[in-house]
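Enquirer: Per the numbering used here, the very first residue in the sequence shown carries number 18; after that it's consecutive.
By construction, the Cβ of each residue, glycine as well, lies at the ideal position given by its N, Cα and C atoms.
Before I ask anything, here is the structure I am working with.
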Amino acid sequence: METNRALAEMIQASQKLVFLTRAGISTESGIPDFRSSGGIYANGNVEHYISRYFYNKSPKDFWKHFKEIFQLKMLGNYEPNNGHLFIKELEDMGKEVTVLTQNIDGLHQKAGSKHVLELHGTLRTAHCPKCKRVYNLEYTLRNDVPRCEQDDFILDTDVVLFGDAIKHFEEAIDAIETCDLLIVMGSSLNVTPVNSFPEYAKQSWNTKLAIINKEETIKDCYFDVVIHDKIGDAVINLSKW
Ligand code: NAD
18 METNRALAEM IQASQKLVFL TRAGISTESG IPDFRSSGGI YANGNVEHYI SRYFYNKSPK
78 DFWKHFKEIF QLKMLGNYEP NNGHLFIKEL EDMGKEVTVL TQNIDGLHQK AGSKHVLELH
138 GTLRTAHCPK CKRVYNLEYT LRNDVPRCEQ DDFILDTDVV LFGDAIKHFE EAIDAIETCD
198 LLIVMGSSLN VTPVNSFPEY AKQSWNTKLA IINKEETIKD CYFDVVIHDK IGDAVINLSK
258 W
């Protein structure tokens, strides 16, 4: 509980907050993560199927695997949980909040967070690689292989695939540079470059850092406060102080 109290005090003392979130914040909404569930990654080859290489080589097969891996049909059914809502409530209290998320499920926006940078893009849209027209999820789900109505090109996803650069990199660094507190939620911090953001912030600007994750991460040593707990339980404990 001491660590919860320390984080609550850090939040109270901070005006500009940056949250860095990943798959672990959405598991309590029913969306499995990849690594801790022993599910999807246990099936091998996932990184191959959601790679730019595979899309370029075989876009028809890509869509089949992509829809299965991300359970695309289910996306509309998921609702934000207490973790997403906690972040939104801080905004309602007058804090300046930026959410940097590696998730592609849109749940921070559904919770009402206004300033969300989707570093890995989004499942909610796809676009035509030729004419750039954007299509919504409903359209993408209509046919097994979604094609552009105008020029019949197979659509490209708006999700960042393995082999693509992450989005909003500079904006993310700008937000971190000027924040009072960076809080990581639900991330194993094991994939570059985003997993270096906390240590970069600490070394460059001596930013205050906190992490809430169910399991230990390889980057825990950089954090001022480390909470190993489920996010839903941790945020309830935070509001007790
Ligand atoms: P990851 O390696 O960061 O693993 C998730 C981490 O969250 C684990 O360390 C786990 O211990 C922790 N965690 C799980 N549930 C938690 C909870 N309730 N409270 C606290 N911590 C919890 O991420 P990943 O699963 O390998 O995903 C990799 C990438 O795949 C993501 O960055 C994203 O692009 C994509 N992905 C997105 C979603 C989504 O949008 N919801 C889901 C799965 C994967």
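Can you list, in chain order, the residues of its chain with a C-beta nearer than 7 Å to that of residue 193? Leave out the 5 residues immediately preceding and following it.
Expert: 35, 199, 214, 218, 224.
Enquirer: Using three-state DSSP, classify residue 164 as helix, strand or coil.
Expert: Residue state, collapsed to three classes: strand.
Enquirer: Between residue 205 and residue 69, is the Cβ-Cβ spacing less than 8 Å?
Expert: No, Cβ-Cβ distance for residue 205 and residue 69 is not below 8 Å.
Enquirer: Suppose you measure from the CA of residue 163 to the CA of residue 144; what does that come to, to the nearest Å?
Expert: Taking the straight line joining both Cα atoms gives about 10 Å.
Enquirer: Is the beta carbon of residue 249 closer than 8 Å to that of residue 153?
Expert: It is not a contact, given that the beta carbons lie outside the stated cut-off.
Enquirer: Residues in the same chain with beta-carbon distance under 7 Å from residue 150, minus the five sequence neighbours each way, listed in chain order, please.
Expert: Excluding sequence neighbours, residue 150 sits near 144, 165, 167.
Enquirer: Based on the DSSP output, what are the partners of residue 33 in its beta bridges?
Expert: Bridge partners of residue 33: 113.
Enquirer: Return the residue from the list 116, 84, 173, 102 that minimises the CA-CA distance to residue 74.
Expert: The shortest C-alpha separation from residue 74 is found at 173.
Enquirer: Does the ligand NAD have even one heavy atom less than 7 Å from the beta-carbon of residue 45?
Expert: Flag set: Cβ of residue 45 near the ligand NAD.
Enquirer: Give a yes or no on contact between the segment 134-141 and the segment 178-188, applying the rule of three or more CB pairs nearer than 8 Å.
Expert: Because the criterion of three Cβ pairs below 8 Å is met, the segment 134-141 and the segment 178-188 touch.
Enquirer: Whole angstroms is fine: what's the gap from residue 25's alpha carbon to residue 227's?
Expert: C-alpha separation (whole angstroms): 11 Å.
Enquirer: Return the chain-ordered list of same chain residues with a C-beta closer than 7 Å to the C-beta of residue 158, the five sequence neighbours on each side being excluded.
Expert: Cβ within range, chain order: 89, 90.
Enquirer: Between which two residues does the alpha helix (DSSP H) holding residue 40 run?
Expert: Per DSSP, residue 40 belongs to no alpha helix (DSSP H) and is neither H nor E.
Enquirer: Is the beta carbon of residue 39 within less than 7 Å of some heavy atom of the ligand NAD?
Expert: It does: the Cβ of residue 39 is within 7 Å (strictly closer) of some heavy atom of the ligand NAD.
Enquirer: Given the structure, does residue 293 come close to the ligand NAD, in the sense that its CB is under 7 Å from one of the ligand's heavy atoms?
Expert: No answer is possible for residue 293: the residues shown for the chain start at 18 and end at 258.
Enquirer: Are the CB atoms of residue 179 and residue 64 nearer to each other than 8 Å?
Expert: Yes, Cβ-Cβ distance for residue 179 and residue 64 is below 8 Å.
Enquirer: I'd like the list of long-range same chain contacts for residue 16, defined as Cβ closer than 6 Å, with 5 residues on each side in sequence excluded.
Expert: The structure shown does not extend to residue 16, since the chain is modelled only from 18 through 258, so no value can be given for it.
Enquirer: How would you call residue 210, buried or exposed, if buried means at least 16 neighbouring beta carbons within 10 angstroms?
Expert: When all chains shown are included, residue 210 counts as exposed.
Enquirer: Pick helix, strand or coil for residue 142, following the three-state DSSP scheme.
Expert: Three-state result, residue 142: strand.
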